[in-house]
Structure formats: C-alpha cells, structure tokens
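Q: Positions 2 to 202 (the numbering used here) are the ones given, in order, by the sequence shown.
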Amino acid sequence: MTDAVLDAKGLRALAHPVRVQLVGLLRMHGPSTATRLAERLGLASGATSYHLRQLAAAGFVAEDTSLGNARERWWRAVHENTVIDNADVAEQEPEAMLGYVQGIVAAHTLRTQLAVAAYPALPKSWRDAFDLSDWSLRLTPQEAVELSGELRAVVERYRQHAPGAGAPSGSEHVSLILHLLPDSAAAEGAPEDGADGQGES
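(1) In three-state DSSP terms, what is leucine 172?
(2) Using the three-state DSSP reduction, which class does tryptophan 136 fall into: helix, strand or coil?
(3) Pick from Ser134, Ser170, Pro124 and Val84: whose alpha carbon is nearest that of aspartate 8?
(4) Taking just the CA atoms, how far does serine 126 sit from aspartate 89?
(5) Give the straight-line distance between the Cα atoms of alanine 81 and leucine 148, rounded to the nearest whole angstrom.
(6) In terms of residues, what are the limits of the alpha helix (DSSP H) holding aspartate 65?
(7) So, is alanine 39 buried or exposed, given that buried needs 16 or more other C-beta atoms within 10 angstroms?
(8) Taking the DSSP output, what are the residues bridged to serine 33?
(9) So, under 8 Å CB-CB, threonine 49 and alanine 35 are touching, yes? Tell me the CB distance rounded to an integer number of Å.
(10) Quick check: the region 62-71 against the region 89-109, are there 3 or more CB pairs under 8 Å?
(11) Alpha carbon to alpha carbon, what distance is there between alanine 107 and alanine 145?
(12) Can you check which of these residues, Asn87, His17 and Asp86, is closest to leucine 53 by C-alpha distance?
(13) Just tell me which of Leu15, Ser67 and Val79 has its CA closest to the CA of methionine 29.
(14) Please report the distance separating the alpha-carbon of tryptophan 75 from that of arginine 37.
(15) Which word fits glycine 195, buried or exposed, when buried means at least 16 other C-beta atoms lie within 10 angstroms of its C-beta?
(16) How would you write the range of the alpha helix (DSSP H) that aspartate 129 sits in, first residue to last?
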C-alpha cells in the first residue's frame, strides 16, 4: 500500500471523526465488516456502512471481495498512511481541515482510553513500559518542524505494525501517539513571556 496524499476532496471526505477512526481501524487491524467496526465504535451498523461508502467513493477504503459473502461486505484500507503534501490545502479548506484534525484527536483519545482501561490486566513488563509524558518547550516554528522530523526519524527505525506480518516472540502491538501542539496563546496573539526582548532569567 502507498500513502494517501490529501487534496481538498480527500480532506473533505475525512472531515468527520467517525471516518478518521474507521480508516485507522482498518489500517491497524486489517479488513473488517461494517457490523464489527460499528461494535468497536459503539455505533449503529447503518451509520458505519454510510461512512464506509463515503470513504470508498473518496478512495480511502475498498471492498475486499476475497472475504465475506452475499450478505456480508468486508472492507479494507487502501493506504498505510495519510499525509498532507500541500500546505495550501489547509488554507483552502479551513473547515474541513478542522474537522479532520478533530477526527484525529477523537481517534487518539479513544485509543488512549482503551489502553488505560486495559492497564490493570497488563503483564508487569508492559506496565513498566507504559508511558504518558508531556514536556513544555520553547521553540520557534522552524525548531518545531525540525523536532518533528527528528522524532519521525527515530520512530522509523523501529518495526512498523502491519496486520498479519511476522514479528519476534514477545512483541505486541504498541500505539505511539505524538502531539506537537502550539500553545493556545499563539492562536490568540497573547504576549509571551520574554517578548519584550529582555528574555528569561
């Protein structure tokens, strides 16, 4: 599979939290049916079927004709990742971009909640590996881009998850979620500490 490069049409198609989550589940767990996906998300299967058809029309998912029967349709992800290769897309479709980002946050929140709920049942070795950390940094936009690139390079050194792919004994599926979030003050135009040129002590 290849990357899905978002254009304006694709961004509008993904500008719904349920669709972002459906694409994510199919990429993570492999082909599934609308009914099974609905159970995972706590939705009605009819709503899930509708969103899957919309995703199929935009080229993000496709029917897996090698599975299922006349009464049961199986769906698979068409791409491994979604990337925005054109920064102008966000400027052209601000509402769709906001919907897409909100969908990603909802998917990340659900994944985190499920992991926390499962925490008590984890073996000690995995409880020791469990980590929820955050840092407050002071960066320029360019430094933020550089940090993101360096983190991505580190992650790419490790084995990527692929449904059905082999992996060493003892390995489990792990979700790594990284957020690099400018402080809300940046959006509000509030003055920052040290903005008067005096710097910080």
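We put the beta carbon where it would ideally sit given N, CA and C, even for glycine.
A: So, from the listed chains and residues:
(1) Looking up residue 172 in the sequence shown gives position 171. Leucine is not the amino acid found at residue 172; the sequence shown has serine there. DSSP, reduced to helix, strand and coil, places serine 172 outside both helices and strands of the structure shown, so it counts as coil.
(2) Start at 1 with the first residue of the sequence shown, and residue 136 comes out as number 135. Note: tryptophan 136 maps to coil in three-state DSSP.
(3) Sequence index remark: in the sequence shown, residue 8 carries index 7 (1-based). Proximity to aspartate 8 across Ser134, Ser170, Pro124 and Val84 peaks at Val84, based on C-alpha coordinates.
(4) By one-based count along the sequence shown, residue 89 stands at place 88. By one-based count along the sequence shown, residue 126 stands at place 125. Computed Cα separation, rounded: 45 Å.
(5) Stepping through the sequence shown from its first residue, residue 81 is reached at position 80. Stepping through the sequence shown from its first residue, residue 148 is reached at position 147. Per the sequence shown, residue 81 should be read as glutamate rather than alanine. Using only the alpha carbons, I get a separation of about 23 Å.
(6) For this step, residue 65 is matched to residue 64 along the sequence shown. Taken as a continuous stretch (DSSP letters only), aspartate 65 belongs to no alpha helix (DSSP H), as it is neither H nor E.
(7) Position 38 of the sequence shown, counted from the first residue, corresponds to residue 39. With 16 or more other Cβ atoms within 10 Å, it is buried.
(8) In the sequence shown, residue 33 corresponds to position 32, counting from 1. Note: serine 33 sits in a beta bridge opposite Trp76.
(9) Locating residue 49 in the sequence shown gives position 48, where the first residue counts as 1. Locating residue 35 in the sequence shown gives position 34, where the first residue counts as 1. Contact holds; Cβ gap of about 4 Å.
(10) No, because fewer than three Cβ pairs between the region 62-71 and the region 89-109 fall closer than 8 Å, the two stretches do not touch.
(11) Reading the sequence shown from its first residue, position 144 is the one you call residue 145. Reading the sequence shown from its first residue, position 106 is the one you call residue 107. If you take the alpha carbons of alanine 145 and alanine 107, they lie about 23 Å apart.
(12) For the purposes of this step, residue 53 is identified with residue 52 of the sequence shown, where counting begins at 1. The shortest C-alpha to C-alpha distance from leucine 53 to any of Asn87, His17 and Asp86 is the one to His17.
(13) Translated into the one-based positions of the sequence shown, residue 29 becomes position 28. When only C-alpha atoms are compared, the closest one is Val79.
(14) Translated into the one-based positions of the sequence shown, residue 75 becomes position 74. Translated into the one-based positions of the sequence shown, residue 37 becomes position 36. Using only the alpha carbons, I get a separation of about 10 Å.
(15) Along the sequence shown, read from residue 1 onward, the residue named residue 195 stands at position 194. With a pLDDT of 48 at glycine 195, under the threshold of 50, the predicted position of this residue should be treated as unreliable, and no value is reported.
(16) Position 128 of the sequence shown, counted from the first residue, corresponds to residue 129. That run of the alpha helix (DSSP H) goes 125-130.
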